[in-house]
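S.K.: If you scroll down you'll find the structure; I have some questions about it.
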Amino acid sequence: MNKKNVMKYLGIPALATGMLLSGALPALTITSLVIHAAQEITTPGGIVDLKQGGAAITIEANDGQSLVGKRFRLYQLFSVKNAAHLESVNYTWTPAYKDVLQKVIGKRLNKPAKDVTEYEAVDYIQSLNHHKVEGAATGQKLEGRYSEFRYFIEEVTTELRAQKKQGTDIHVTETMDNGNIRFDGLDFGYYITDEISDNAGTHSASSLCMVNTANPNAAVKIKSDYPSITKKIQEDDHKEEIGADGWNDIGDYEIGQTVPYLYDTAVPDMNGYHSYYFAFHDKMDKALTFDPDTVKIQIMDGKKTYDVDPSEYNILENVGGTTFKIEIEDLKKIVDREFPEGMNKDKENVYGQKIV
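Sequential numbering of the sequence shown, starting at 1, is according to UniProt numbering.
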């Protein structure tokens, strides 16, 4: 089977503090929910009770980022029922999503979608689990972010959106004291949680989850860890008083002087993507003139610094109402090549390096 290259696109407006990304979260084997109605539910106190059953999902926030304002869409793909002594599990697919599963799995099995049975669908999903366990109460190791399982979940999520399937939309208005949110009252089953963005047709994170009587509570850590960006101006006077070599939030310059400034951000979590497009763009005051020859990009991790070669980025001027746009066609390729120390056997790297 040909694996689809997954590409991430990230454009950062230089004067903003962050933006929601499009993309997909690695598939997990834990839990999520669904009600078949186009409705949006809020989270008073960080908790919403969906009054379906006795299971729950916790969405964990990334460090330093709030979940408030985010939206999640929950789809229940299968209902799950354990045998009395937990020796077996029975699955029944949700009729509303049957055609989606048949289409995606049929394509992967090279057979007509209508011929894919419920048993084949469950069997195929389980075949993607390379960390098989026995017994409903046994812990499940997660699949890697470059696994076929992860790409399968992305394909299902994409098809759910293409067919405009309804789920339960949850708008995060408040969180719990620890910054997390919790969906209570879930029926037992397989769910996809899809973090949705304001950009039509895009999703930011999706996870396959399972809850059952043996494992009624699950946690998902979202992947949309979009970076913030800081813009600094280098003051030419009083550098010693300001510190940081004069880099400051404001600067005092006269007409005709050169105004040095920089953008400070971090490499986002790029695991699960084969390539990653990254761009800065800014609209400058009309009194300023942009000098493309002064552009320099560095990536650093505290131990070493890599000066990005000019051949690895493009500088575009006066595009889409901006003064300039600096784009790196594949940030992931550069970071993985220059900072491979955190790479594990599953080709997952440690990101978070500083970009200036």
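By construction, the Cβ of each residue, glycine as well, lies at the ideal position given by its N, Cα and C atoms.
(1) Spatial neighbours of Glu40 within its chain, please: CB distance less than 6 Å, with the 5 preceding and 5 following residues excluded, ordered by chain position.
(2) Considering Cα atoms alone, identify which of Gly302, Val319, Leu77 and Val350 is closest to Gly189.
(3) Is the distance from the Cβ of Asp269 to the Cβ of Phe72 below 9 Å?
(4) Would you give the residue range spanned by the alpha helix (DSSP H) that residue 369 belongs to?
(5) Is the separation between the beta-carbon of Ile47 and that of Arg182 shorter than 9 Å?
(6) In whole angstroms, what is the alpha-carbon distance linking Gly185 and Ile57?
(7) Which partner residues does Arg182 have in the DSSP bridge list?
(8) Could you tell me if Val319 is buried or exposed, where buried requires 16 or more neighbouring beta carbons within 10 angstroms of its beta carbon?
(9) My guess is that Phe290 and Phe324 are in contact by the Cβ rule of under 8 Å, so how many angstroms apart are they, rounded?
(10) Taking the beta strand (DSSP E) that Ile192 belongs to, which residues open and close that run?
(11) Are the beta-carbon atoms belonging to Tyr306 and Val295 less than 9 Å from one another?
(12) If I follow the unbroken beta strand (DSSP E) through Phe72, where does it start and stop?
(13) Identify the continuous beta strand (DSSP E) that holds Ala266 and give its terminal residues.
(14) Using the beta-carbon count (16 or more within 10 Å), is Asn110 buried or exposed?
(15) Write down the C-beta distance between Gln52 and Asp187 rounded to the nearest angstrom, noting that I regard them as a contact closer than 8 Å.
(16) Determine the contact status of Tyr119 and Arg108, defining contact as a CB-CB distance below 9 Å.
(17) Assign Asp307 to one of three DSSP states: helix, strand, or coil.
(18) Could you have a look at Phe152 and say whether DSSP puts it in helix, strand or coil?
(19) For Asp336, name the three-state secondary structure that DSSP assigns.
(20) Please go through the same chain and pick out, in chain order, the residues whose beta-carbon is closer than 6 Å to the beta-carbon of Arg161, but skip the five residues on each side of it.
(21) Give me, in chain order, the residues of the same chain whose beta-carbon lies closer than 6 Å to that of Asp336; leave out the 5 immediate sequence neighbours on both sides.
(22) In the DSSP output, what is Gln166 paired with across the bridge?
(23) Below 9 Å between beta carbons: does that hold for Ile326 and His281?
(24) Need the endpoints of the alpha helix (DSSP H) that Ile299 sits in, please.
(25) Pull up the distance between the alpha-carbon of Val156 and that of Gln163, whole angstroms please.
(26) Would DSSP call Tyr273 helix, strand or coil?
(27) Leaving aside the five residues before and after Lys165 along the sequence, list all residues of the same chain whose C-beta is less than 8 Å from its C-beta, in chain order.
(28) Output the distance between the C-alpha atoms of Lys81 and Pro216, rounded to the nearest integer angstrom.
(29) Using only the alpha-carbon positions, how far apart do Glu338 and Ile299 sit?
(30) In chain order, what residues of the same chain lie with their CB nearer than 8 Å to the CB of Val104, ignoring the 5 residues before and after it?
(31) Leaving out the 5 sequence neighbours to the left and right, which residues in its chain are closer than 6 Å to Ala38 when beta-carbon positions are compared?
(32) Going straight from the alpha carbon of Gly302 to that of Gln126, what length do you get?
(33) Give me the residue from Glu341, Leu128, Pro44 and Trp93 with the minimum Cα distance to Lys304.
(34) If you compare alpha carbons, which of Asp346, Gly352, Thr94 and Asn344 is closest to Leu331?
M.R.: Quick look at the numbers:
(1) Asp169 and His171
(2) Leu77
(3) no
(4) Look at the range of the chain in this structure, 1 to 356, and you will see that residue 369 is not part of it.
(5) yes
(6) 9 Å
(7) Ile47 and Thr58
(8) exposed
(9) 5 Å
(10) Gly189 to Ile196
(11) no
(12) Arg71 to Asn82
(13) Tyr261 to Ala266
(14) exposed
(15) 4 Å
(16) no
(17) strand
(18) helix
(19) helix
(20) none
(21) Asn349
(22) Its beta-bridge partners do not exist; DSSP assigns none.
(23) yes
(24) Careful: Ile299 lies outside any alpha helix (DSSP H), inside the beta strand (DSSP E) at Gln298 to Met300.
(25) 11 Å
(26) coil
(27) Tyr75, Ala96, Tyr97 and Val100
(28) 12 Å
(29) 9 Å
(30) Phe152, Glu155, Val156 and Glu159
(31) Here the model assigns Ala38 a pLDDT of 48, short of 50, so the residue's position is not dependable and the matter cannot be decided.
(32) 42 Å
(33) Glu341
(34) Gly352
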